[in-house]
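Working notes, structure below.
Chains as they are written, first to last, in our numbering: chain A, -3 to 417; chain B, 78 to 203.
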């Protein structure tokens, strides 16, 4: 194990929910890949907006409406700047799922035809898989899968071979796998796809919360992420698109706010980004998410990454000491995000999660919305522990302790004769 | 003593009764637990309108496997008409442990499978 820098972040006190003590124990939250907890700054920003500045945005002439406008569009500017994207091509959606459906419907229906192919990886979350299955079925196109190797990595040679076939219109992949933890070489993949004339869609749900992200430098056609995993509220996602692609696309949802003008015979569409934002937008959520990215920017994303990498290394080391435990994905903390999915021989992941909860340790168990990948891994489900900025070494140690206790409850350490196998 | 993972639960989990295949069989069904993707199937042999024999197959957590194992012993010899009447309470009472809302489907999966095989009704037991 290479030496790893000790974590220098200590921000647990900024998160009100982590002050709770269920059953008199500290709350050990290790499910940030599902959703993050929220710092006081985010909670306060949302409350302040609703108390002081709430009005609908766009076209209100009174002063309060102008305050709401400034809050909403100001939030967009800050959110775009956080990942070095253009606010004009930064579209608010409900979440990553909606962002990817937007692309599949608006771009896919117009540009993917019979005989074309869409390429995804075997490791995709259902959000970046099912919309492409539906699109391909509808258009008579083929969905092909880029294989994930036994270390959770993708082969760029295999990507090249797929692209050389000349039929790939779009390549969709995760920045960081929500199951394997693998950090994919996204700029490299985007560059190769672009050279082959294919569009790229990156699911950044697990990327933005824990890595420095520079959308302009990545060079993908689309990069989507979600607020609630990045310390913000639920109900708001973000889609960054390439301007010339977005301009040629028809809208996804139609209705209020996204039009230039409407008469009885039809309508014309608004400018970017409003063309893709039909109906009243998640205004308070945008304000909350802006507060979240301000908070992360103040910590510094390089520092967040160092912190999570240090804790991940400690977690991998701790997990390796649990008998019968197998981690899926890369075993090097530098190659993965702050999460570990694992199985324990003789213990079902649900029982692992239930027994961890007894010690106040919140982890997830299940297929993590990646059922095809689970079948590739030869497992029905895994347990998954995932790290946030607020976690500390003690949380990791509590996890490892809870896992050892869980084995004891099932008599796997020989301590419980009555239940011995 | 653990409230949930009692000795008899772990015993049924580790040594499940009536697990495997049953060929030939008259009825069968296969169901998934949407929570985790676990699957459980059943083969049933019918004689004189009652369950002559049955076998479960599949994989799952301690709660779902133990529930299937415990239920299997009660289901043998039961009239098919009675199986159609079995509700969630029957299974939860039989299991004899406090099942939380999130684990309820683990406990009820076997009954869903058996009722599906016998009555064709694939709804979750209520």
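The beta carbon of each residue, even a glycine, is placed where N, CA and C say it ideally should be.
Contacting residues, own chain, Cβ-Cβ under 8 angstroms from residue i (five flanking each side not counted)
i: residue 325 of chain A; result: 147, 148, 173, 175, 176, 177, 178, 332, 336 and 337
i: residue 255 of chain A; result: 263, 264, 265 and 266
i: residue 18 of chain A; result: 356
i: residue 185 of chain A; result: 150, 152, 155, 167, 169 and 196
i: residue 358 of chain A; result: 23, 24, 25, 26, 27 and 352
i: residue 7 of chain A; result: 35, 295, 385 and 386
i: residue 252 of chain A; result: 274, 275 and 276
i: residue 97 of chain A; result: 127 and 248
Residue i classed as buried or exposed, judged by whether at least 16 other C-beta atoms fall within 10 angstroms
i: residue 124 of chain B; result: exposed
i: residue 28 of chain A; result: buried
i: residue 405 of chain A; result: buried
i: residue 219 of chain A; result: buried
i: residue 57 of chain A; result: exposed
i: residue 15 of chain A; result: exposed
i: residue 350 of chain A; result: buried
i: residue 78 of chain A; result: buried
i: residue 146 of chain B; result: buried
i: residue 119 of chain A; result: buried
i: residue -3 of chain A; result: Any reading at residue -3 of chain A must be qualified, since the residue scores a pLDDT of 45, below 50, and its modelled position is unreliable; no value is offered.
i: residue 414 of chain A; result: Note that residue 414 of chain A has pLDDT 45, beneath the 50 cutoff, so the model's placement of it is unreliable and no number is given.
i: residue 107 of chain B; result: exposed
i: residue 175 of chain B; result: exposed
i: residue 488 of chain A; result: The structure shown does not extend to residue 488 of chain A, since chain A is modelled only from -3 through 417, so no value can be given for it.
Residue i versus residue j - alpha carbon distance
i: residue 70 of chain A; j: residue 346 of chain A; result: 43 angstroms
i: residue 140 of chain B; j: residue 303 of chain A; result: 37 angstroms
i: residue 3 of chain A; j: residue 49 of chain A; result: 38 angstroms
i: residue 365 of chain A; j: residue 200 of chain A; result: 15 angstroms
i: residue 143 of chain A; j: residue 103 of chain B; result: 41 angstroms
i: residue 392 of chain A; j: residue 360 of chain A; result: 15 angstroms
i: residue 449 of chain A; j: residue 310 of chain A; result: The displayed coordinates of chain A run from -3 to 417. Any statement about residue 449 of chain A would go beyond what the structure contains.
i: residue 173 of chain B; j: residue 362 of chain A; result: 25 angstroms
i: residue 169 of chain A; j: residue 88 of chain B; result: 44 angstroms
i: residue 85 of chain A; j: residue 11 of chain A; result: 32 angstroms
i: residue 250 of chain A; j: residue 91 of chain B; result: 56 angstroms
i: residue 328 of chain A; j: residue 130 of chain B; result: 51 angstroms
i: residue 111 of chain A; j: residue 163 of chain A; result: 7 angstroms
i: residue 128 of chain A; j: residue 281 of chain A; result: 28 angstroms
i: residue 109 of chain A; j: residue 299 of chain A; result: 45 angstroms
i: residue 399 of chain A; j: residue 318 of chain A; result: 7 angstroms
i: residue 30 of chain A; j: residue 157 of chain B; result: 43 angstroms
i: residue 229 of chain A; j: residue 123 of chain A; result: 19 angstroms
i: residue 166 of chain B; j: residue 138 of chain B; result: 20 angstroms
i: residue 198 of chain B; j: residue 192 of chain B; result: 6 angstroms
i: residue 133 of chain B; j: residue 343 of chain A; result: 19 angstroms
i: residue 293 of chain A; j: residue 269 of chain A; result: 24 angstroms
i: residue 188 of chain B; j: residue 118 of chain B; result: 11 angstroms
i: residue 165 of chain A; j: residue 194 of chain A; result: 5 angstroms
Chain A contact residues for residue i, given Cβ-Cβ distances below 7 angstroms
i: residue 136 of chain B; result: 376
i: residue 139 of chain B; result: 344 and 347
i: residue 186 of chain B; result: Here the premise fails: no neighbours, minimum Cβ distance about 12 angstroms.
Neighbourhood of residue i by C-beta, 6 angstroms cutoff - its chain only, sequence neighbours within 5 removed
i: residue 159 of chain A; result: 192
i: residue 171 of chain A; result: 182, 198, 200 and 203
i: residue 37 of chain A; result: 287 and 291
i: residue 321 of chain A; result: 315, 338 and 340
i: residue 110 of chain B; result: 182 and 186
i: residue 396 of chain A; result: 314
i: residue 142 of chain B; result: 90 and 93
Chain-ordered neighbours of residue i on chain B, where CB pairs are closer than 7 angstroms
i: residue 405 of chain A; result: 79 and 82
7 angstroms Cβ shell around residue i - same chain, five flanking residues per side excluded
i: residue 138 of chain A; result: 113 and 132
i: residue 75 of chain A; result: 86, 234, 285, 286 and 289
i: residue 279 of chain A; result: 53, 64 and 68
i: residue 246 of chain A; result: 102 and 106
i: residue 83 of chain A; result: 72, 73 and 76
i: residue 154 of chain B; result: 127 and 128
Residue i: contacting residues in chain A (beta-carbon distance under 8 angstroms)
i: residue 172 of chain B; result: Within chain A, no residue comes near residue 172 of chain B; the closest Cβ sits about 14 angstroms away, beyond 8 angstroms.
i: residue 99 of chain B; result: The contacting residues do not exist; residue 99 of chain B stays about 22 angstroms from chain A at best.
- Could you run through the stretch 359 to 383 of chain A and flag, in chain order, every residue whose CB is less than 8 angstroms away from some CB of chain B? In summary, the residues of the stretch 359 to 383 of chain A whose CB is separated from some CB of chain B by less than 8 angstroms are 361, 362, 363, 367, 370, 376 and 377, in the order they occur in the chain.
- Message: Along the stretch 102 to 135 of chain B, where does the CB come closer than 7 angstroms to a CB of chain A? Name the residues.
- Response: For the stretch 102 to 135 of chain B, which is checked against every Cβ of chain A, the residues closer than 7 angstroms are 112, 113, 114 and 115.
- Task: Identify each residue in the stretch 148 to 170 of chain B for which the Cβ-Cβ distance to at least one residue of chain A is less than 8 angstroms, and report them in chain order.
- Result: Look at the stretch 148 to 170 of chain B: it has no residue with a C-beta under 8 angstroms from a C-beta of chain A.
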